Amino acid sequence: MLLTIGILIAVSLVLLQLRAIFSSQTKVAQENVIYSFSRDIQRIIEKSNSISGNTTFVYEPEIKDYSFGINSSIIEIQDKVTGQNISFGSYQIDLIPDYFEDAEKIYIRKVNDYGLISDKLCKDDGENCEIGYQCCGGYCWGRSPKKVLCNNTCAEKGSYAPDALSCCTGEIDLTSMRCIEKIQNTTGGSGTNGSTGKGDLDSCPASVNQYKDKYNLYKDTIYSAILQSGLDKYIPIDNAARLVAAIITAESGWDEGTTCQQGWGCGLMQVTGSCQYSWDEMTDPHKNIMCGVQILTSKISYMSDYNDYDFENLIKLTLASYNGGQGTLTKAIEYASDSHWDNVGTIDALSYGTEFYGVCFKPEHRTDCTNLGYDCYQCKALVIQVYVDKVYGYYQNWMQCTEKQPSGSGGGGASGQIIWPTKQASRITSCHGDTIWYGIHEGIDIGGLSDGEDVYAPADGVVEAVGFDSGGGNYLVIKLDNPQLWAVFFHLQKSIVNEGKRVSSGDKVAYVDNTGTATTATHLHFHLQNGLPFTSKAYDPCNYFDDKTKCNLYCGTPMG
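For reference, each letter of the sequence shown is one residue, going 0 to 559 in numbering that gives the first Met the number 0.
Encoded structure:
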């Protein structure tokens with residue numbers, strides 16, 4: 000029975016994809032957007048042995064909830080509100096309930112950068128939300144790579160609405176997924192509730208490692224400039240900081256003595272005179288960064304109106320605009336009839352923009368231009384291409400940098416060390432930094448366990464939070480005395496300690512299980528953070544265990 004249904008699904012999905020491809024002429028570039036199946040679906044697939052891995056769905060992201068209606072011959076995909084068939088866009092499948100033979104509906108959820116959202120309004124106690132969804136800012140949110148977790152706290156204006164412990168409790172812009180208004184945080188302090196990742200960098204890929212000390216020197220200015228200009232409203236703040244670092248790397252190699260030339264640029268970010276500082280003032284590195292980030296923000300703000308894809312694509316459009324002008328880019332987008340950089344960043348599209356605005360680069364100044372027989376407009380298009388590739392490459396390298404580990408303090412015994420949190424017969428099944436189905440693994444998974452086995456406190460501390468997350472299941476957070484970090488456990492059967500409870504190293508605090516949607520087998524997810532969960536940097540527990548035998552055996556040299 001299951002095999003027959005599985006084959007039916009496989010055939011039907013192929014037919015649906017073909018029908019979608021031939022039934023619309025719009026947004027064809029979005030056909031390449033791929034989202035992993037939910038874990039529930041993966042279990043169904045494994046049971047039916049009919050389909051495996053990822054698949055691509057191409058439907059228009061207009062209405063948020065749709066359903067598969069299963070009959071004897073096809074799987075109908077319908078808009079639950081209007082009853083009409085859906086067209087193009089990208090959606091992730093959720094199956095409710097877990098078992099195929101009992102399912103009446105397979106839900107298709109709208110996927111965006113920040114989470115899965117249903118169209119249901121709710122209250123902060125989760126009322127009206129479906130299974131696996133939580134109430135955040137008046138809307139029901141499902142799982143996402145950010146592991147959405149709401150606890151009635153608020154976010155600053157412009158923050159990502161579903162960000163973990165800083166969910167917006169005011170009105171949300173459903174297009175940008177951002178808070179429209181700032182509301183006083185019910186827990187006090189800022190809406191971010193933790194570190195913004197401004198620690199000193201410890202190590203970086205070779206291409207940028209020589210500049211990390213300069214980055215550490217200017218990082219406070221960089222973050223200040225990002226916050227003042229509002230650059231973090233368009234891309235996450237740490238990505239923004241690394242993007243600024245990439246531009247400085249390409250423009251000046253972090254040389255504060257880089258000369259200023261009228262018509263070309265000035266200082267670290269090679270900025271022009273389009274900010275509040277005089278030409279002489281822009282030789283000051285800090286003012287230069289403030290000015291450069293201000294210009295960068297104006298570029299990204301303008302290009303965001305044309306970007307139909309993720310913020311990484313927006314970064315590429317912005318870099319091209321930073322080098323060639325936003326007018327050039329809008330014309331290139333017009334030529335390509337699409338905003339994806341793969342289509343916009345061609346010589347034909349870019350030169351259409353450079354020629355329209357008279358943006359020229361003399362071919363005799365570049366050997367590759369003369370070799371290719373380019374005119375000055377095509378040559379400038381090539382300059383833009385090379386610039387984007389170069390800076391984006393630096394950006395990717397800066398994103399791989401690791402921060403210096405916080406050190407432990409006080410207490411007895413080995414400073415800053417923790418014990419293994421489960422029975423010794425257990426083992427690591429997934430390491431910190433592994434690429435897993437929803438992104439990069441932030442901790443370690445400990446397997447070889449059965450439901451209900453004990454979880455122990457890794458060090459002395461105070462229980463900070465006990466709760467449930469749709470992806471992580473039942474969780475427990477302990478604020479450790481030494482090292483001064485937060486220990487985070489997911490997929491628990493239950494916790495046996497309450498918030499505010501002081502625990503000692505080795506105390507039994509919870510039981511292992513397989514709760515949450517981001518899991519397929521019984522195991523314990525464990526990681527450390529330098530702030531409240533989901534709002535701060537995650538650290539590898541393997542760097543802190545008193546006995547690193549298991550880490551060395553299963554994961555090799557611990558990562559940062």
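From the three backbone atoms N, C-alpha and C, an ideal C-beta is built for every residue, glycine too.
For clarity, every value in this text was computed on a predicted model and none was experimentally measured.
Q: Could you check the C-alpha separation between Ala520 and Tyr233 for me, to the nearest Å?
A: For the purposes of this step, residue 520 is taken as the residue at position 521 of the sequence shown. For the purposes of this step, residue 233 is taken as the residue at position 234 of the sequence shown. Whole-angstrom Cα-Cα distance: 37 Å.
Q: Return helix, strand or coil for Val605, following the three-state DSSP convention.
A: The structure shown does not extend to residue 605, since the chain is modelled only from 0 through 559, so no value can be given for it.
Q. Hey, is Asp254 close to the ligand SAM, as in C-beta under 7 Å from one of its heavy atoms?
A. No copy of the ligand SAM appears in this structure; indeed no ligand is present at all.
Q: Note the first and the last residue of the continuous alpha helix (DSSP H) segment covering Trp397.
A: Here the question's residue 397 lines up with position 398 in the sequence shown. 375-398 is the span of the alpha helix (DSSP H), which, as asked, contains Trp397.
(Q) Classify Gly188: buried if its beta carbon has 16 or more other beta carbons within 10 angstroms, exposed otherwise. (A) The residue you call residue 188 lines up with position 189 of the sequence shown. Caution applies to Gly188, whose pLDDT of 25 falls short of 50 and renders its modelled position unreliable; the value that the coordinates give is listed next. Counting Cβ neighbours within 10 Å, Gly188 comes out exposed, since fewer than 16 surround it.
Q: Return helix, strand or coil for Leu448, following the three-state DSSP convention.
A: Here residue 448 corresponds to residue number 449 of the sequence shown, with the count starting at 1. Coil, per DSSP.
Q: Pick out whichever of Cys430, Asp450, Gln399, Gln395 has its Cα sitting closest to the Cα of Lys422.
A: The residue given as residue 422 occupies position 423 in the sequence shown. For the residues Cys430, Asp450, Gln399, Gln395, the minimum Cα distance to Lys422 belongs to Asp450.
Q. Would you call the CB atoms of Trp340 and Cys203 closer than 8 Å?
A. As a working note, residue 340 is residue 341 in the sequence shown. As a working note, residue 203 is residue 204 in the sequence shown. No, they are not a contact pair.
Q: Out of Asp199, Tyr305, Asn208, Gly198, point me to the one whose CA is closest to Tyr393's CA.
A: Here residue 393 corresponds to residue number 394 of the sequence shown, with the count starting at 1. Checking every option, the nearest Cα to that of Tyr393 belongs to Asn208.
(Q) Among the candidates Asp219, Tyr305, Asp546, Gly466, whose CA atom is the shortest distance from the CA of Ala239? (A) Taking the sequence shown and counting its residues from 1, one reaches residue 239 at position 240. Of the listed residues, the one whose Cα sits closest to Ala239 is Asp219.
Q. Where Tyr563 and Ser338 are concerned, what is the direct C-alpha to C-alpha distance, given to the nearest angstrom?
A. Since the first residue of the chain shown is 0 and the last is 559, residue 563 is not available in this structure.
Q.
Tell me the rounded alpha-carbon separation between Leu295 and Tyr321.
A. For this step, residue 295 is matched to residue 296 along the sequence shown. For this step, residue 321 is matched to residue 322 along the sequence shown. Roughly 7 Å between the two C-alpha positions.
Q.
Measuring straight from C-alpha to C-alpha, what distance separates Ile383 and Pro284?
A. Mapped onto the sequence shown, residue 383 falls at position 384. Mapped onto the sequence shown, residue 284 falls at position 285. The alpha-carbon atoms of Ile383 and Pro284 are separated by roughly 25 Å.
Q.
To the nearest angstrom, how far is the alpha carbon of Arg501 from that of Asp545?
A. The sequence position of residue 501 within the sequence shown is 502, counting from 1. The sequence position of residue 545 within the sequence shown is 546, counting from 1. Rounded to the nearest angstrom, the two C-alpha atoms are 21 Å apart.
Q. Among all the DSSP beta bridges, which residues are the ones paired with Gly323?
A. As a position in the sequence shown, residue 323 is number 324, starting the count at 1. Per DSSP, none; premise fails for Gly323.
Q | Nearest-angstrom Cβ-Cβ length linking Asp459 and Asn481, presumed shorter than 8 Å | A | By 1-based counting over the sequence shown, the position of residue 459 is 460. By 1-based counting over the sequence shown, the position of residue 481 is 482. With a Cβ gap of about 7 Å, Asp459 and Asn481 count as contacting.
Q. Given that a residue counts as buried once 16 or more other Cβ atoms are within 10 Å of its Cβ, and exposed if not, what is Lys379?
A. Here the question's residue 379 lines up with position 380 in the sequence shown. Classification of Lys379: buried, given that the 10 Å Cβ count is 16 or more.
Q) Is it buried or exposed for Val385, if we count other Cβ within 10 angstroms and need 16 for buried? A) Taking the first residue of the sequence shown as 1, we reach residue 385 at position 386. Its Cβ having fewer than 16 others within 10 Å, Val385 is exposed.
Q: Would you check if the distance between the CB atom of Gly505 and the CB atom of Ala456 is smaller than 8 Å?
A: On the sequence shown, position 506 is the one that residue 505 refers to. On the sequence shown, position 457 is the one that residue 456 refers to. Cβ distance < 8 Å, so Gly505 and Ala456 count as in contact.
Q) Rounded to a whole number of angstroms, what is the C-alpha to C-alpha distance between Gln395 and Ser336? A) The count along the sequence shown starts at 1 and reaches residue 395 at position 396. The count along the sequence shown starts at 1 and reaches residue 336 at position 337. The straight-line gap from Cα to Cα measures roughly 27 Å.
Q: Classify His364 as buried or exposed, calling it buried when 16 or more other Cβ atoms lie within 10 Å of its own Cβ.
A: Here residue 364 refers to the residue found at position 365 of the sequence shown. It counts as exposed.
(Q) Tell me which residue opens and which closes the beta strand (DSSP E) that Val462 is part of. (A) Here residue 462 is taken as the residue at index 463 of the sequence shown, counted from 1. Segment 460-468, the beta strand (DSSP E) holding Val462.
Q. Quick one, are the C-beta atoms of Ala249 and Val390 less than 8 Å apart?
A. Taking the first residue of the sequence shown as 1, we reach residue 249 at position 250. Taking the first residue of the sequence shown as 1, we reach residue 390 at position 391. In contact: Ala249 and Val390 (Cβ atoms closer than 8 Å).
Q) Any Cβ of chain D within less than 8 Å of the Cβ of Tyr543? A) Here there is only one protein chain, and chain D is not present.
**Q.** Neighbourhood of Cys274 by C-beta, 7 Å cutoff - its chain only, sequence neighbours within 5 removed
**A.** The sequence position of residue 274 within the sequence shown is 275, counting from 1. Excluding residues within five positions, the ones whose Cβ falls inside 7 Å are Cys290, Gln293, Ile294.
Q: Report the three-state DSSP secondary structure of Phe488 (helix, strand or coil).
A: For this step, residue 488 is matched to residue 489 along the sequence shown. Phe488 falls in the strand class under three-state DSSP.
**Q.** Pairwise C-alpha distance: Gly472 and Glu333
**A.** Here residue 333 corresponds to residue number 334 of the sequence shown, with the count starting at 1. Here residue 472 corresponds to residue number 473 of the sequence shown, with the count starting at 1. Each residue's Cα considered, the two are about 46 Å apart.
(Q) Just to confirm, is the Cβ distance from Val454 to Val508 under 8 Å? (A) As a first step, residue 454 must be located in the sequence shown, where it is residue number 455. As a first step, residue 508 must be located in the sequence shown, where it is residue number 509. Yes.
**Q.** Contact belief for Tyr351 with Ala319 at Cβ below 8 Å, rounded distance in angstroms
**A.** Here the question's residue 351 lines up with position 352 in the sequence shown. Here the question's residue 319 lines up with position 320 in the sequence shown. Actually they do not touch by this definition, with Cβ atoms about 13 Å apart.
(Q) Distance check for Cys375 and Gly324, CA to CA, integer angstroms please. (A) Start at 1 with the first residue of the sequence shown, and residue 324 comes out as number 325. Start at 1 with the first residue of the sequence shown, and residue 375 comes out as number 376. Rounded to whole angstroms, Gly324 to Cys375 spans 16 Å at the Cα level.
Q) DSSP state of Ser504, grouped into three classes? A) One-based indexing of the sequence shown puts residue 504 at position 505. Here Ser504 sits in coil by DSSP.
Q) Opposite Ser202 in the DSSP bridges: which residues? A) Translated into positions along the sequence shown, residue 202 becomes position 203. Per DSSP, Thr401.
Q: Decide if Gly264 is buried, meaning its Cβ has at least 16 other Cβ atoms within 10 Å, or exposed.
A: Numbered from its first residue, the sequence shown carries residue 264 at position 265. So Gly264 ends up on the buried side.
Q.
Buried or exposed for Ser503, going by 16 or more other Cβ atoms inside 10 Å?
A. Taking the first residue of the sequence shown as position 1, residue 503 is located at position 504. Counting Cβ neighbours within 10 Å, Ser503 comes out exposed, since fewer than 16 surround it.
Q: Have a look at Thr556 and Glu441 and give me their C-alpha separation to the nearest angstrom.
A: Position 557 of the sequence shown, counted from the start, is the residue given in the question as residue 556. Position 442 of the sequence shown, counted from the start, is the residue given in the question as residue 441. At Thr556, the pLDDT of 44 sits below 50, so the modelled position is not reliable; the number obtained from the coordinates is stated separately. Looking at the two C-alpha atoms, the distance is approximately 16 Å.
Q) DSSP on His526, reduced to helix/strand/coil? A) The residue you call residue 526 lines up with position 527 of the sequence shown. Strand, per DSSP.
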